[in-house]
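Protein chains in written order, with my numbering: chain H, 1 to 202; chain C, 1001 to 1202. Backbone N, C-alpha and C define an ideal beta-carbon position, used for all residues, glycine too. Here the structure is laid out as C-alpha cells; the discussion comes afterwards.
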C-alpha cells in the first residue's frame, strides 16, 4: 500500500485552495505517495451543533494520525516566521513519531527577515541581536526558529529553500516537489536495500 | 511523584530568561508541579563538534518526552500570531499525547490583530476576510489559528487570555498562573477521586 503524505501549509487560505491541493496530490501520486490535503475535510459537512473550527481541527488531527509522513510549507506568513497552523502540524507529526519534510518559498534567514522590520539592534554586551522588545533574535543561519530547522536536520535532511517571485509565494510548488524527491529517496528507494541486507544476514 | 510541567514560551529570548524561568518554576512548585524550563538546557555545555542549535533542539525534545504536561505562552510575537517555536512545542506535546494548557498576554482575536496591519478586506463573494495576498483570515473569534485554540478546547479548557500593558507583555505571569490553576484542578484534584473509585471497585 502507498505511503500517505499529509500536506500542511497556508495555501488552505487561498481562494484556489482546492485546485492547489489537487495539484499537490497529483504530484504525490507521481512520486509514489498518496497525498492527504487538509482542505479535503474543510469542505465536508460539519455535524449539526458542532463548531466548524473544532470539526476542522478534529479532521486534520485524524488525517495526521492516518498519515505516514508530512510535507510542510514553511514559507513566511504574515511576519518573519511560518504559518503557526502549519508549524503546529509539523510539531504534532514529530510528536507522533512520523517523518517530516519542509520547504520555504523564501531563501532568506530568520535574522535577515526580522532585521527588515527595522527595529533590531546588536547587543554588544551579550553579543546577540535583539528586537524592539529586547528579545534575542536567533542567529544560527536557519530559515526560521531553531525547533523548525533542527527537527528536519534531526531526520537528516534540510529545510528546502526556493527563490520565488512575490506573487507566486503561496502557489509555487518547486520546493514541494524537491521534498517529494527527498521523501521518495529516503522512504521508498532506501527501503529495498535494507530489506535485502536483512535477507543476506538471514 | 510530582507531575512534570514543560514551560514553553518566547521568554527564553529575554535577557532575564533564567530569572523568569526560576519564577515560573517556583509557581509550579506552589501548585504541585515540577517545572521544566527549556533555558535549563540552553545554558548547559554544548558537546564539542555539535551545533548549538541542534543541541538545544535535542535537549528541549528530551524535556518534552520527560514532561507529563505543558503550559505554553501563546502571546503574539513579531506579528499577529504566537512564537512558532512555542507553537511547534504545543503541537509536539499534543502528538506525544500529553496534556497542554495555553495562555496569551493579549485579549484580542486573530482577525482584529491581522486587520491592524491595515491591509485586510472583506470578500463579498466568498463572505470571508482576506489579507493582501488574498489569503483568508480565520474569523472564528479565536485568539490565533484554529489548530491552536481547538487543541486546547479539545482538552476541555480554553486558551487563557489576559490584558497586559505593552511593557509587561513577555513577563506578566497572571495568565501562566491561571493555567497552573486549571492544570491543578484537572490533573491533581481529579486524580484522587478516580483512584478512590478504583479502590472501591477492587
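Next item on the list: Just the chain C side, please: which residues come within less than 9 Å of residue 156 of chain H by C-beta, in chain order?
Entry: Contacts between residue 156 of chain H and chain C, judged by CB atoms closer than 9 Å, are missing: the closest CB pair is about 11 Å apart.
Check: Which residue comes first and which comes last in the beta strand (DSSP E) that contains residue 70 of chain H?
Finding: Its beta strand (DSSP E) spans residues 69-73.
Next item on the list: Return the residues of the region 1077-1092 of chain C that lie within a Cβ-Cβ distance of less than 7 Å from chain H, sorted by chain order.
Entry: Those residues of the region 1077-1092 of chain C that come within reach of chain H (Cβ to Cβ, closer than 7 Å) are 1078, 1079, 1080, 1081, 1082, 1084, 1085, 1087, 1088, 1089, 1090, 1091, 1092.
Notebook entry, point to check: Taking the alpha-carbon positions, what's the residue 1155 of chain C to residue 124 of chain H distance?
Noted result: About 44 Å.
Checklist line | Cα-Cα separation, residue 104 of chain H to residue 10 of chain H | finding: Whole-angstrom Cα-Cα distance: 11 Å.
Note to self: Considering only DSSP beta bridges, list what residue 1004 of chain C is partnered with.
What the structure shows: According to DSSP, residue 1004 of chain C bridges with C:1034.
Next item on the list: Could you pull out every residue in the same chain whose Cβ sits closer than 7 Å to the Cβ of residue 149 of chain H, ignoring the five residues on either side in sequence?
Entry: Cβ within range, chain order: 142, 143, 159.
Checklist line | Strand pairing of residue 76 of chain H, partner residues [DSSP] | finding: In the DSSP output, where bridge partners are listed per residue, residue 76 of chain H has H:82.
Notebook entry, point to check: Which residue's Cα is closest to the Cα of residue 50 of chain H: C:1091, C:1101, C:1140, C:1186?
Noted result: When C:1091, C:1101, C:1140, C:1186 are compared, the shortest CA-CA separation from residue 50 of chain H is found for C:1140.
Item checked: Interface positions of the region 46-59 of chain H facing chain C (Cβ-Cβ less than 8 Å), listed along the chain -> Listed by position along the chain: 51, 52, 53, 54, 56, 57, 58.
Notebook entry, point to check: What is the C-beta distance between residue 1091 of chain C and residue 87 of chain H, in whole angstroms, given that I count them as a contact (C-beta under 8 Å)?
Noted result: Confirmed, Cβ separation roughly 7 Å.
Next item on the list: Compare the beta carbon distance of residue 4 of chain H and residue 67 of chain H with 8 Å and say whether it is the shorter of the two.
Entry: Yes, these two residues count as a Cβ contact at 8 Å.
Next item on the list: Kindly indicate if chain C contains any beta-carbon less than 8 Å away from that of residue 124 of chain H.
Entry: Residue 124 of chain H is outside the set of residues whose beta carbon lies under 8 Å from a beta carbon in chain C.
Margin query: Which residues in chain C have a C-beta closer than 8 Å to the C-beta of residue 134 of chain H? List them in chain order.
Written below: Those within 8 Å of residue 134 of chain H in chain C are 1014, 1015.
Checklist line | Cross-chain neighbours of residue 1005 of chain C in chain H, by beta carbon under 8 Å | finding: Within chain H, no residue comes near residue 1005 of chain C; the closest Cβ sits about 17 Å away, beyond 8 Å.
Item checked: Sequence-distant residues of its chain with Cβ nearer than 6 Å to residue 36 of chain H (five each side left out) -> Non-local beta-carbon contacts of residue 36 of chain H in its own chain, meaning distances under 6 Å to residues more than five positions away in sequence, involve 4, 6, 63, 67 in chain order.
Notebook entry, point to check: In the structure shown, what three-state DSSP assignment does residue 1103 of chain C receive?
Noted result: Strand, per DSSP.
Margin query: Would residue 1031 of chain C pass as an interface residue toward chain H - the criterion being a Cβ-Cβ separation below 8 Å?
Written below: Cβ-Cβ to chain H under 8 Å: no for residue 1031 of chain C.
Item checked: Same chain, Cβ closer than 6 Å to residue 34 of chain H, five either side skipped, listed in chain order -> In its chain, beyond the 5 residues on either side, 2, 4 have a beta carbon closer than 6 Å to the beta carbon of residue 34 of chain H.
Next item on the list: Please go through the same chain and pick out, in chain order, the residues whose beta-carbon is closer than 6 Å to the beta-carbon of residue 1072 of chain C, but skip the five residues on each side of it.
Entry: Only 1008, 1086, 1090, 1102 meet the Cβ criterion.
Notebook entry, point to check: What did DSSP end up calling residue 193 of chain H once you bin it into helix, strand or coil?
Noted result: At residue 193 of chain H the pLDDT is 47, less than 50, meaning the model places this residue with poor confidence; the figure from the coordinates comes in the next sentence. In the structure shown, residue 193 of chain H sits in a helix (DSSP, three-state: H, G or I).
Note to self: Counting C-beta neighbours from all protein chains within 10 Å, is the total for residue 1185 of chain C 16 or more, i.e. buried, or is it exposed?
What the structure shows: Residue 1185 of chain C is exposed by the Cβ-count criterion.
Item checked: Cutoff 8 Å: residue 1170 of chain C Cβ touching any chain H Cβ -> Judged by the 8 Å Cβ criterion, residue 1170 of chain C is in contact with chain H.
Next item on the list: Confirm, please, whether the CB-CB distance from residue 1084 of chain C to residue 81 of chain H is below 8 Å.
Entry: Contact: yes.
Item checked: Burial state of residue 975 of chain C, where buried means 16 or more other Cβ atoms lie within 10 Å -> Outside the shown range of chain C (1001 to 1202) lies residue 975 of chain C, about which nothing can therefore be said.
Check: Grouping DSSP H, G and I as helix and E and B as strand, with all else coil, what is residue 123 of chain H?
Finding: Here residue 123 of chain H sits in strand by DSSP.
Checklist line | C-alpha gap between residue 1132 of chain C and residue 1172 of chain C, whole angstroms | finding: Separation of residue 1132 of chain C and residue 1172 of chain C (C-alpha to C-alpha, rounded to the nearest whole angstrom) is 33 Å.
Item checked: Bridge partners - residue 136 of chain H, DSSP secondary structure assignment -> In DSSP, residue 136 of chain H forms a bridge with H:130.
Note to self: Using only CA atoms, which one of H:30, H:113, H:97, H:106 lies nearest to residue 188 of chain H?
What the structure shows: For residue 188 of chain H, the closest of H:30, H:113, H:97, H:106 by C-alpha to C-alpha distance is H:30.
Notebook entry, point to check: What do you get for residue 1161 of chain C, buried or exposed, if any count of 16 or more other CB atoms within 10 angstroms of its CB means buried?
Noted result: Buried, by the Cβ-count rule.
Notebook entry, point to check: Any Cβ of chain H within less than 8 Å of the Cβ of residue 997 of chain C?
Noted result: Nothing can be reported for residue 997 of chain C, as the shown portion of chain C is limited to 1001 through 1202.
Next item on the list: Work out the CA separation of residue 128 of chain H and residue 122 of chain H for me, nearest whole Å.
Entry: Our two residues, residue 122 of chain H and residue 128 of chain H, have alpha carbons roughly 6 Å apart in a direct line.
Item checked: Chain-ordered residues of the region 91-118 of chain H with a beta carbon less than 9 Å from chain C -> Hits within the stretch, in order: 91, 92, 93, 94, 95, 96, 97, 98, 114, 117.
Next item on the list: For residue 1047 of chain C, count neighbouring Cβ atoms within 10 angstroms of its own Cβ and tell me buried if that reaches 16, exposed if not.
Entry: By the neighbour-count criterion, in which a residue is buried when 16 or more other Cβ atoms sit within 10 angstroms of its Cβ, residue 1047 of chain C is exposed.
Next item on the list: Taking all protein chains shown into account, decide if residue 14 of chain H is buried (16 or more other Cβ within 10 angstroms of its Cβ) or exposed.
Entry: Counting the other Cβ atoms within 10 Å of the Cβ of residue 14 of chain H gives 16 or more, which makes it buried.
Check: For residue 160 of chain H, does the three-state DSSP call read helix, strand or coil?
Finding: Looking at residue 160 of chain H - three-state DSSP - the assignment turns out to be strand.
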